[in-house]
Amino acid sequence: MKSQRLLLWILLSFSIVSISSAGAVFQLMEDVPALLRASWRFQLTALIMAPMFFVQFRDMRSDEHAMLQLKLPETRWIILGSGLSLGLHMGAWVWSLDNTSLTHSLLFVTIHPLIIVFGALLLRKYVPKQQIFGASIGFVGGGITLLGISVETEVTLIGDFAAVVGACAVVGYFLAGRKLRQWMPLFVYILPVTMIAAIFLAVMSLMLEGSTFSMEDVNLSLFGWMSSAWIFYVLYLAAFPGIVGHAGISAVLRWFPPIIVSVAYLFEPLIGSFIGWILGTTDIPSIWTWVGAIVLMVGTVMVIKGDEELMSEEVGDSID
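This is the structure in structure tokens:
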């Protein structure tokens, strides 16, 4: 039993490190426009997932209820919305990596728990006091972090804002996944969503970045990831942060409480910044970033813990 739990901790750690490394690797590809880079990752991720999709879809065809659900117009609209949300999330985040520091980008793109609380308040839904307090602390931490703009040459307000847009966009992806994953197999859900995100980013890159279908300039080609210059970078992004990291997280959720995994995600800015420092893509952050990051993470932990307690109460009420 102890050996199994140790293996689960190792898997969780490896998954978080894999996911955290994506930012630094994207920064190593700075010769390629941001939206195009993001599209490349999703294109190859979709290709790698395709065999698993076909296996799960074949098994799913024997489930009459699931197939009826799949044919509903509502399901297709949710999948479309999820793909567009995922594409916007990745595009905004990769763009932020070019316009602010790696640490700031990773910090602000992971504040979606705070955004969910803020959104719930705007919609006048019930939010536990602990989550409101935690979100307030988190936003104060974000404000302190922004003071680093005055002393860190890499940091810009527009870059930080782009990361926040990425955090807002991923909420739609999470909400869609929570609804559809109740009955839809993992890869049957993820593959079409990933393909939609890849196509959305490719179209936006054609419109805004001057990308082309031609392979004459691989740095501007929609399929430039196939070139020897970029294939190994994109293959790493697709296989490790894209599949191994997220699949590992999904696997450990079967045995670990969600709060452990959610808190583990908060180490992404720290681990990602360390990897970026090793690879030479980022400098050591200023004191404002360190202080703000700590306050921001404390607030986020409070929000996550409050959400966990609320879920426990709901389960208890349903049992009673």
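Residue 106 in my numbering sits at position 25 of the sequence shown, with consecutive numbering throughout. No residue lacks a Cβ here, since even glycine has one placed at the ideal position from N, Cα and C. None of the values given here were measured: they were computed from a predicted structure.
7 angstroms Cβ shell around residue i - same chain, five flanking residues per side excluded
{"i": "Ile385", "result": "Pro194, Ile340, Ser343, Val344"}
{"i": "Ile218", "result": "Val376, Val379, Gly380, Met383"}
{"i": "Trp174", "result": "Ser186, Val190, Ala244, Gly247"}
{"i": "Ser84", "result": "none"}
{"i": "Phe304", "result": "Met296"}
{"i": "Arg402", "result": "This structure gives no information on residue 402, because the portion of the chain shown stretches from 82 to 401."}
{"i": "Tyr317", "result": "Val106"}
{"i": "Val299", "result": "Gly305, Ser308, Ala310, Trp311"}
{"i": "Val221", "result": "Val376"}
{"i": "Ile225", "result": "Trp369, Val372, Gly373, Val376"}
{"i": "Val43", "result": "There is no way to answer for residue 43, as the model of the chain reaches only from 82 to 401."}
{"i": "Leu268", "result": "Correcting the residue identity first, residue 268 is Phe in this sequence and not Leu. These residues qualify, in order along the chain: Met130, Met133, Phe134, Gln137."}
First and last residue of the uninterrupted alpha helix (DSSP H) at residue i
{"i": "Asp241", "result": "238-261"}
{"i": "Trp358", "result": "349-360"}
{"i": "Tyr270", "result": "267-289"}
Coarse secondary structure for residue i, derived from DSSP in three states
{"i": "Ser302", "result": "strand"}
{"i": "Thr33", "result": "The first residue shown for the chain is 82 and the last is 401, placing residue 33 beyond what the model contains."}
{"i": "Leu391", "result": "Residue confidence for Leu391 is low, a pLDDT of 48 falling below 50, so the modelled location carries little weight and cannot support an answer."}
{"i": "Thr370", "result": "helix"}
{"i": "Thr226", "result": "helix"}
{"i": "Thr50", "result": "The structure shown does not extend to residue 50, since the chain is modelled only from 82 through 401, so no value can be given for it."}
{"i": "Ile400", "result": "The pLDDT assigned to Ile400 is 30, lower than 50, so where the model puts this residue is not dependable; a value taken from the coordinates is nonetheless given after this. Three-state DSSP puts Ile400 in a helix."}
Closest Cα partner of residue i within the set the options
{"i": "Ala115", "options": "Gly240, Leu128, Phe220", "result": "Gly240"}
{"i": "Leu256", "options": "Ser292, Leu161, Leu303", "result": "Leu161"}
{"i": "His146", "options": "Ser96, Met265, Ile91", "result": "Met265"}
{"i": "Leu89", "options": "Ser331, Tyr270, Ala283", "result": "Ser331"}
{"i": "Leu227", "options": "Arg142, Ile352, Thr181, Glu155", "result": "Thr181"}
{"i": "Val236", "options": "Trp369, Phe107, Ile197, Gly329", "result": "Trp369"}
{"i": "Trp371", "options": "Ser99, Leu188, Phe304, Ser101", "result": "Leu188"}
{"i": "His327", "options": "Leu87, Ser101, Trp336, Arg86", "result": "Ser101"}
{"i": "Gly353", "options": "Arg86, Ala131, Phe107", "result": "Phe107"}
{"i": "Gln124", "options": "Ile365, Ile280, Met141", "result": "Ile280"}
{"i": "Ala250", "options": "Gly172, Gly291, Val208, Ser302", "result": "Gly172"}
{"i": "Leu165", "options": "Pro322, Asp179, Val284", "result": "Val284"}
{"i": "Ala127", "options": "Ala320, Leu149, Leu360, Met148", "result": "Ala320"}
{"i": "Trp158", "options": "Trp336, Lys260, Leu289", "result": "Lys260"}
{"i": "Ile129", "options": "Val315, Ser143, Leu351, His170", "result": "Val315"}
{"i": "Ile365", "options": "Asp179, Ala103, Gly229", "result": "Gly229"}
{"i": "Gln263", "options": "Leu282, Pro350, Leu151", "result": "Leu151"}
Sequence-distant residues of the same chain with beta carbon closer than 6 angstroms to residue i, five excluded per side
{"i": "Gly223", "result": "Leu377"}
{"i": "Ser177", "result": "Ser186, Gly240, Ala243, Ala244"}
{"i": "Gly357", "result": "Ala105, Leu183, Thr363"}
{"i": "Ser163", "result": "Tyr254, Ala257, Val274"}
{"i": "Val325", "result": "Ser99"}
{"i": "Ser96", "result": "Gly326, Gly329, Ile330"}
{"i": "Ser292", "result": "Leu117, Ser286, Leu301, Leu303"}
{"i": "Val113", "result": "Asn300"}
{"i": "Val232", "result": "Ser367"}
{"i": "Leu360", "result": "Ala105"}
{"i": "Leu289", "result": "none"}
Cβ-based neighbour list, residue i, same chain, cut-off 8 angstroms, excluding 5 preceding and 5 following
{"i": "Gly200", "result": "Val252"}
{"i": "Ile213", "result": "Val198, Leu202"}
{"i": "Ala131", "result": "Leu272"}
{"i": "Val92", "result": "Inspection of the sequence shows that residue 92 is occupied by Leu rather than by Val. Excluding residues within five positions, the ones whose Cβ falls inside 8 angstroms are Gly329, Ala332, Val333."}
{"i": "Ile277", "result": "Ile160, Leu161, Ser163, Gly164, Leu165, Leu167, Gly168"}
{"i": "Phe337", "result": "Leu89, Leu93"}
I'd like the ranges of any alpha helix (DSSP H) spanning at least 4 consecutive residues and lying wholly in the segment 163-201.
Counting whole runs of 4 or more residues, the segment 163-201 contains the alpha helix (DSSP H) stretches 183-190.
At 4 residues or longer, what runs of the alpha helix (DSSP H) sit wholly inside the segment 308-340?
With a minimum length of 4 residues, the continuous alpha helix (DSSP H) runs that stay inside the segment 308-340 are 312-320, 327-333.
Which ranges does the alpha helix (DSSP H) cover as unbroken runs of at least 4 residues, wholly within the segment 90-178, from first to last along the chain?
Whole alpha helix (DSSP H) segments, 4+ residues: 103-109, 115-141, 145-151, 154-178.
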